[in-house]
Amino acid sequence: MSGLINQAQTKLWKIVGEFETAKRNGQHADVYVALYEYGNSRLSNDSGYIRQVTPLTRDLDKISEELFALTTSGGSEHCGQVIARAVDELEWSGEGPALRSIFIAGNEPFTQGPVDYHQACHAAANKNITVSTIHCGGYEQGVSGMWADGAKLADGSYMHIDHNSKQPHIAAPQDQQLAELNTRLNATYRAYGAAPAREEALGRQRAQDANALAAAPAAAASRAVAKAGRLYNNAAWDLVDAVSEKKVDLSKIEQEELPEELRGLSAKELGGRIAELSKQRQDVQAKIKKLAAERAKFVADERAKLADNGGATLDDAIVEAVRAQAARQSFEFGE
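With positions in the sequence shown counted from 1, the corresponding number in my numbering is that position plus 72.
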């Protein structure tokens, strides 16, 4: 299943970008992501070969970091058990208007493991959580393996993909400039908090830039575009985002929680500097978005020339399913 992990690594930022425009009743939607691994024989039998990698979070760099750290070692895929754990363990939003979705991908029969998938999927449905299943293999094989039935029980979508498909990565004339703008974007971040946490957050951001670039130029471009959007929010560690969301009071923040360059400033001076950085960030983001539109058109034109675009991939499946499910709950997507 290394091909599936590779698709998740390279397509994460494209998937995020698809939901940038999601709205309901005129309000933008926030996106929280959790990650589980299952079916890895290196994990303990007592856990059902299952591990919660991250809880629900808006920290997309953390999700990327963990995806790039995943390795595979074939084993039993306890689908019912991992669904049940996700339903029980994650801090799902309450009864308000929200789309709650589980996506599970695999290539073994859906029936494996000690927890009946019927029970797990019904438990999800009772909490208004959809379960969409992605079989890595042929359509009919997934149906006979009960992947389609699992999705039906929890009002989700059944899909099949070629997890080993490697779509051609199309280099675009905008890629180099996007990379340069990404560097300028990073320069607007100012981490706050304890020194080790500040260093970790900034290091993670740079590392995920490098991971995306190493995976494929297209992945790096998609990441730069996602970082220019509203879903790439780092208020938990970045002062610019934190001030924008009113999560930090600059008049009360401790000096040791600030980077060296911002220490010794009055609250007014500090606020002015953060405002400057915010303006710089917005300017860079606007340039990235303009280039992104040009790049998308170029890639679409080039891809149309190809005789074979490859089979459906993970991002195709997730985007198609979420858009369909979101539409049923009155979410709208811009173009």
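For each residue, glycine too, the CB sits at the ideal point set by N, CA and C.
* Limits of the unbroken beta strand (DSSP E) element including I346 -> Here residue 346 is taken as the residue at index 274 of the sequence shown, counted from 1. From DSSP, I346 is part of no beta strand (DSSP E) but of the alpha helix (DSSP H) over 339-376.
* Cβ-based neighbour list, A197, same chain, cut-off 7 Å, excluding 5 preceding and 5 following -> The count along the sequence shown starts at 1 and reaches residue 197 at position 125. Excluding residues up to 5 positions away in sequence, L225, A226, D227 lie with their Cβ nearer than 7 Å to the Cβ of A197 in the same chain.
* Three-way DSSP call (helix, strand, coil) for D188 in this model -> Taking the first residue of the sequence shown as 1, we reach residue 188 at position 116. It is coil, neither helix nor strand.
* Could you pull out every residue in the same chain whose Cβ sits closer than 8 Å to the Cβ of E161, ignoring the five residues on either side in sequence? => Position 89 of the sequence shown, counting from 1, holds the residue named residue 161. So the qualifying residues of the chain are Q124, P127.
* Beta bridge counterpart(s) of T93 as assigned by DSSP -> For the purposes of this step, residue 93 is taken as the residue at position 21 of the sequence shown. The partner list for T93 (beta bridge, DSSP) is empty, contrary to what the question assumes.
* Give the DSSP bridge partners of D310, in chain order. => Along the sequence shown, read from residue 1 onward, the residue named residue 310 stands at position 238. D310 is bridged to A263.
* Asked: Of the residues G111, P268, H190, V215, which one's Cα is nearest the Cα of G178?
  -> Start at 1 with the first residue of the sequence shown, and residue 178 comes out as number 106. Relative to the Cα of G178, the nearest Cα in the group G111, P268, H190, V215 belongs to G111.
* Asked: When we look at the beta-carbon of A263 and count the other beta-carbons within 10 Å, is it buried (16 or more) or exposed?
  -> On the sequence shown, residue 263 is found 191 positions in, with the first residue counted as 1. Under this definition A263 is a buried residue.
* Cross-strand partners of H100 (DSSP beta bridge) -> As a working mapping, residue 100 is identified with position 28 in the sequence shown. DSSP output for H100 lists K95 as bridge partner(s).
* Asked: Would the segment 270-282 and the segment 127-138 be scored as touching if the rule is three or more Cβ pairs under 8 Å?
  -> These segments touch.
* To do: Write down the C-beta distance between R375 and A244 rounded to the nearest angstrom, noting that I regard them as a contact closer than 8 Å.
  => Working through the sequence shown from its first residue, we reach residue 375 at position 303. Working through the sequence shown from its first residue, we reach residue 244 at position 172. Between A244 and R375 the Cβ distance is about 11 Å, and since that is not below 8 Å, they are no contact.
* Three-state secondary structure (DSSP) at L107? -> As a working mapping, residue 107 is identified with position 35 in the sequence shown. The answer is strand: DSSP assigns L107 an E or B state.
* Proximal residues to F175 (C-beta, below 7 Å), its chain only, five neighbours per side dropped -> In the sequence shown, the residue the question calls residue 175 occupies position 103. Answer for F175: S204, I206, I390, listed in chain order.
* **Same chain, Cβ closer than 8 Å to L139, neighbours up to 5 away in sequence not counted** => On the sequence shown, position 67 is the one that residue 139 refers to. In the same chain as L139, and ignoring 5 residues on each side of it, the C-beta atoms closer than 8 Å to its own belong to I77, A80, Q81, L84, L107, in chain order.
* Asked: Looking at the structure shown, is I390 part of a helix, part of a strand, or coil, going by DSSP?
  -> The sequence position of residue 390 within the sequence shown is 318, counting from 1. Three-state DSSP puts I390 in a helix.
* **In DSSP terms, what S229 is bridged to** => Taking the first residue of the sequence shown as 1, we reach residue 229 at position 157. According to DSSP, which records beta bridges pairwise, S229 is partnered with nothing at all.
* If you run the structure through DSSP and keep just helix, strand and coil, what is V320? -> One-based indexing of the sequence shown puts residue 320 at position 248. If DSSP states are grouped into helix, strand and coil, V320 belongs with coil.
* **Nearest to L115 (by Cα), restricted to the options V320, A287, T144** => The residue given as residue 115 occupies position 43 in the sequence shown. It is T144 whose Cα lies nearest to the Cα of L115.
* Would you decide whether A267 is buried or exposed? Buried here means 16 or more other CB atoms lie within 10 Å of its CB. => What you label residue 267 is simply residue 195 of the sequence shown in a count that begins at 1. Answer is exposed; the Cβ neighbour count stays below 16.
* When you compare only the Cα positions, how much space is there between S350 and L250? -> Locating residue 350 in the sequence shown gives position 278, where the first residue counts as 1. Locating residue 250 in the sequence shown gives position 178, where the first residue counts as 1. The straight-line gap from Cα to Cα measures roughly 19 Å.
* To do: Rank C193, N236, Y261, Q246 by C-alpha distance to the C-alpha of S229 and give the top, closest one.
  => As a first step, residue 229 must be located in the sequence shown, where it is residue number 157. Just measuring C-alpha positions, the residue of C193, N236, Y261, Q246 sitting nearest S229 is C193.
* **Nearest-angstrom Cα separation, counted from S165 out to A156** => Taking the sequence shown and counting its residues from 1, the one referred to as residue 156 is at position 84. Taking the sequence shown and counting its residues from 1, the one referred to as residue 165 is at position 93. Answer to the nearest angstrom: the Cα atoms are 17 Å apart.
* Asked: Which same chain residues, not among the five before or five after T93, have their C-beta less than 6 Å away from its C-beta?
  -> As a position in the sequence shown, residue 93 is number 21, starting the count at 1. If we look at T93 and ignore the five residues flanking it on each side, its Cβ neighbours are F405, G406.
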